[in-house]
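Chemist: Right, I'll just put the structure down here and ask away after.
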Amino acid sequence: MNLYIVAEFPFALRVDGKTAYKNVDRCFLAAPRGALAEVIPLDGSPARCFMADCDFLRTGAEDAVKVRWKNGGAVKFERPAPDLPFSLLFQKRLKNAVLTAYADGRYKFSVEVPEHYRALSFKEPVADAGEFFCGGNRFFYVYTEKKRLVCLEDGRLATVFDGAADEYSFSSGAFVTKSALGGTPRVLRTEWEYGGAAFTPRRTETEGAAARRPLCDAALPYAFAEAVLAGEDPSPYLAPDLLPAARRAREYLGRFIGVFPPPRRENDPRPLLVYPESEGVYAAKTLQCEISGGKIANLTLI
Numbered sequence: 000m001n002l003y004i005v006a007e008f009p010f011a012l013r014v015d016g017k018t019a020y021k022n023v024d025r026c027f028l029a030a031p032r033g034a035l036a037e038v039i040p041l042d043g044s045p046a047r048c049f050m051a052d053c054d055f056l057r058t059g060a061e062d063a064v065k066v067r068w069k070n071g072g073a074v075k076f077e078r079p080a081p082d083l084p085f086s087l088l089f090q091k092r093l094k095n096a097v098l099t100a101y102a103d104g105r106y107k108f109s110v111e112v113p114e115h116y117r118a119l120s121f122k123e124p125v126a127d128a129g130e131f132f133c134g135g136n137r138f139f140y141v142y143t144e145k146k147r148l149v150c151l152e153d154g155r156l157a158t159v160f161d162g163a164a165d166e167y168s169f170s171s172g173a174f175v176t177k178s179a180l181g182g183t184p185r186v187l188r189t190e191w192e193y194g195g196a197a198f199t200p201r202r203t204e205t206e207g208a209a210a211r212r213p214l215c216d217a218a219l220p221y222a223f224a225e226a227v228l229a230g231e232d233p234s235p236y237l238a239p240d241l242l243p244a245a246r247r248a249r250e251y252l253g254r255f256i257g258v259f260p261p262p263r264r265e266n267d268p269r270p271l272l273v274y275p276e277s278e279g280v281y282a283a284k285t286l287q288c289e290i291s292g293g294k295i296a297n298l299t300l301i
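Quick note: numbering that gives the first Met the number 0 has the sequence shown finishing at residue 301, numbered continuously throughout.
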């Protein structure tokens, strides 16, 4: 099994009791399936021990992000969350509402209105919080240092939006987020509107130049997948026989969220499409394309 290990801290690695690395923050492990791996942080925090198999890559963990593909996968271990003493980070007093960012074991954020109270917990500090109005309704928002945006409705304080946003802005009719499309030079701009239970996309568009044409054969599958991810017409990359299926490309490829090249060690130029499965767990599929005359004549997900 080919396993790529990355961590936010230096570590030593032992495999089946034998030291493989002494002081690294990333490494490659070619181990028999089921080998016992021990990632030992050099800061004295608890070791991460696991069996190097598909079950490990399929199982979520609070302090890890995992991606698996056909012959292996990758895992990123996050730095252990410190046990934070109580401290007040900031507080905002609004009309009939109090927003508080604080630390108490973990980073937390609370909203208090006359008849309800809601507290949220985060791994990272809260960067900003406030209120905004949309369609005559008031909402509260909290934004973390890792670019997570959460919006709550006024009243029962139910979550109506929870997602990543590199940038965000609010207006009277909608709020707007901008997020980089995974593995691509494009930025997705989305206008969200409130439908009574949650915010849903009203309009999306991409910013940033699309890939220039003509492209070399190796780049064509990437340009095609990026166009599908961005919601653009992929027809320019397809051979005539595939043009009738261009509109169904997204349906065929599914709800992938990023386009990435495999690790260089894999010696495979084909793009990986990344699909979310659960919190912190992703599956990657290889996009296999047959190229003829500078166009994609056939494609398969592996």
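Where is the CB? At the ideal position from N, CA and C, for every residue including glycine. Nothing here was measured: the structure is a model prediction, and the numbers come from that model.
Do Cys150 and Phe132 have their CB atoms nearer than 8 Å?
Modeler: Contact flag unset, no.
Chemist: Using 8 Å as the limit for Cβ to Cβ distance, is Asp42 near chain C?
Modeler: Included in the structure is just one protein chain, with no chain C present.
Chemist: Since I believe Phe121 is in contact with Thr143 (beta carbons under 8 Å), could you give me their beta-carbon distance rounded to a whole number of angstroms?
Modeler: With 8 Å as the limit, Thr143 and Phe121 qualify as a contact, their Cβ atoms being about 5 Å apart.
Chemist: Which first and last residues belong to the alpha helix (DSSP H) in which Arg249 is found?
Modeler: Element bounds for Arg249: 248-252.
Chemist: Can you list, in chain order, the residues of its chain whose CB lies under 7 Å from that of Phe198, leaving out five sequence neighbours each side?
Modeler: Cβ neighbours of Phe198 beyond the five flanking positions: Cys150, Val159, Phe160, Trp191, Glu192.
Chemist: Which full runs of the beta strand (DSSP E) of 3+ residues lie inside the region 116-171, going along the chain?
Modeler: Counting only runs of 3 or more, we get 125-133, 136-143, 147-152, 158-163, 166-169.
Chemist: Once DSSP output is grouped into helix, strand and coil, what is the label at Ala102?
Modeler: Residue state, collapsed to three classes: strand.
Chemist: Within a Cβ cutoff of 6 Å, which residues of the same chain sit near Gln90, ignoring the five residues on either side of it in sequence?
Modeler: These residues qualify, in order along the chain: Thr99.
Chemist: What does Leu219 pair with, by DSSP beta-bridge criteria?
Modeler: Leu219 pairs with nothing; no bridge assigned.
Chemist: Are the beta-carbon atoms of Ala96 and Val112 separated by less than 8 Å?
Modeler: Yes, the pair counts as a contact, with Cβ atoms nearer than the cut-off.
Chemist: For the region 289-299 and the region 77-86, state whether three or more C-beta atom pairs, one from each stretch, are separated by less than 8 Å.
Modeler: No, the region 289-299 does not touch the region 77-86.
Chemist: Exposed or buried, what is Ile301 when buried is set at 16 or more other beta-carbons lying within 10 Å of its beta-carbon?
Modeler: By the neighbour-count rule (16 or more Cβ atoms within 10 Å), Ile301 is not buried but exposed.
Chemist: Please state whether the Cβ-Cβ distance between Leu2 and Ala30 is less than 8 Å.
Modeler: Yes, these two residues count as a Cβ contact at 8 Å.
Chemist: Can you tell which of Ser44, Met0, Ser291, Glu7 has its C-alpha closest to the C-alpha of Ala36?
Modeler: Nearest of Ser44, Met0, Ser291, Glu7 to Ala36, Cα basis: Met0.
Chemist: Is the CB-CB distance between Leu187 and Thr205 below 8 Å?
Modeler: Against a cut-off of 8 Å, the Cβ pair of Thr205 and Leu187 comes out as a contact.
Chemist: Tell me the DSSP secondary structure of Leu56 in three-state form.
Modeler: In the structure shown, Leu56 sits in a helix (DSSP, three-state: H, G or I).
Chemist: Answer yes or no: do Leu102 and Leu119 have a C-beta to C-beta separation smaller than 8 Å?
Modeler: Note on residue identity: the sequence assigns Ala, not Leu, to residue 102. Cβ distance not < 8 Å, so Ala102 and Leu119 don't count as in contact.
Chemist: Report, in whole angstroms, the separation of the C-beta atoms of Phe108 and Val74, which I expect to be a contact under 8 Å.
Modeler: Contact flag wrong, Cβ pair sits at about 29 Å.
Chemist: Based on the DSSP secondary-structure assignment, which residues constitute the bridge partners of Leu187?
Modeler: DSSP, once it has assigned bridges, lists Ser178, Thr205 as partnering Leu187.
Chemist: Can you tell which of Ile39, Val110, Arg105, Tyr106 has its C-alpha closest to the C-alpha of Lys94?
Modeler: Of Ile39, Val110, Arg105, Tyr106, the residue nearest in Cα terms is Val110.
Chemist: For Ser44, which three-state DSSP category applies?
Modeler: Residue state, collapsed to three classes: coil.
Chemist: Can you have a look at Phe255 and say buried or exposed, based on whether 16 or more other CB atoms are within 10 angstroms of its CB?
Modeler: It counts as buried.
Chemist: If I measure Cβ to Cβ from Glu289 and keep anything under 6 Å in the same chain, skipping five residues before and after, which residues do I get?
Modeler: Taken in chain order, the residues that qualify are Ala296, Asn297.
Chemist: Who are Glu192's beta bridge partners in DSSP?
Modeler: Glu192 is bridged to Thr199.
Chemist: If you draw a straight line from the alpha carbon of Phe10 to that of Val227, how long is it in whole angstroms?
Modeler: Near 39 Å, if we compare the C-alpha coordinates of Val227 and Phe10.
Chemist: Under 7 Å Cβ to Cβ from Tyr221, same chain only, skipping five residues before and after it: list those, please.
Modeler: So the qualifying residues of the chain are Val258, Pro270.
Chemist: According to DSSP, simplified to helix, strand and coil, what is Ala226?
Modeler: Residue state, collapsed to three classes: helix.
Chemist: Determine the burial state of Ala163: buried for a count of at least 16 other Cβ atoms within 10 Å of its Cβ, exposed for fewer.
Modeler: With fewer than 16 other Cβ atoms within 10 Å, it is exposed.
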